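Note sheet for the following structure.
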Amino acid sequence: MPSCVVKWCRNHTDHHHKDSGITFHVFPQNPCRREQWVKAVQLERQENDWMPSKSSRICSIHFRDDDFYLSKKGFRMIKRVATPSCTVCI
1 MPSCVVKWCR NHTDHHHKDS GITFHVFPQN PCRREQWVKA VQLERQENDW
51 MPSKSSRICS IHFRDDDFYL SKKGFRMIKR VATPSCTVCI
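If you count by UniProt numbering, then the sequence shown holds residues 1 to 90, one letter each, in order.
Now the structure itself:
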């Protein structure tokens with residue numbers, strides 16, 4: 001199961017139930033947005049050559065609350081303009 005790619009983050013999809021409120025987000029397909037996410041993770045990991053795989057995910061704790069919205073069906077969705085802050089899980 002995928003885990004959060006942020007260094008020292010221990011969140012894994014198999015450890016969190018939907019009730020926990022933690023969601024996992026794939027890297028954007030838009031090249032500009034994807035590059036912003038990649039650079040944020042590279043900076044946090046201090047690995048300038050790090051690149052995401054197809055299964056790479058970032059968990060929701062690395063985004064601000066205002067980076068999310070509720071869909072018409074009531075699902076918590078990430079805004080297209082959101083960029084991870086990559087704060088470390090403590």
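The C-beta atom is built at its ideal place from N, Cα and C for all residues, glycine as well. In this text, all values refer to a predicted model and were calculated from it rather than measured experimentally.
Going by DSSP in three states, residue i sits in which element: helix, strand or coil?
i   : result
V38 : helix
R57 : strand
C9  : coil
S85 : coil
R80 : coil
S71 : coil
What do you get for residue i, buried or exposed, if any count of 16 or more other CB atoms within 10 angstroms of its CB means buried?
i   : result
E44 : buried
P31 : exposed
W8  : exposed
R57 : buried
N11 : buried
S60 : buried
Report the partner residues of residue i according to the DSSP bridge assignment.
i   : result
M51 : BP columns for M51 are empty, so no partner.
C4  : R57
F63 : Note: F63 sits in no beta bridge, so no partner.
Taking 8 Å as the line, does the beta carbon of residue i fall inside it for any heavy atom of the ligand NAD?
i   : result
S60 : Of ligands this structure carries none, so the ligand NAD is not represented either.
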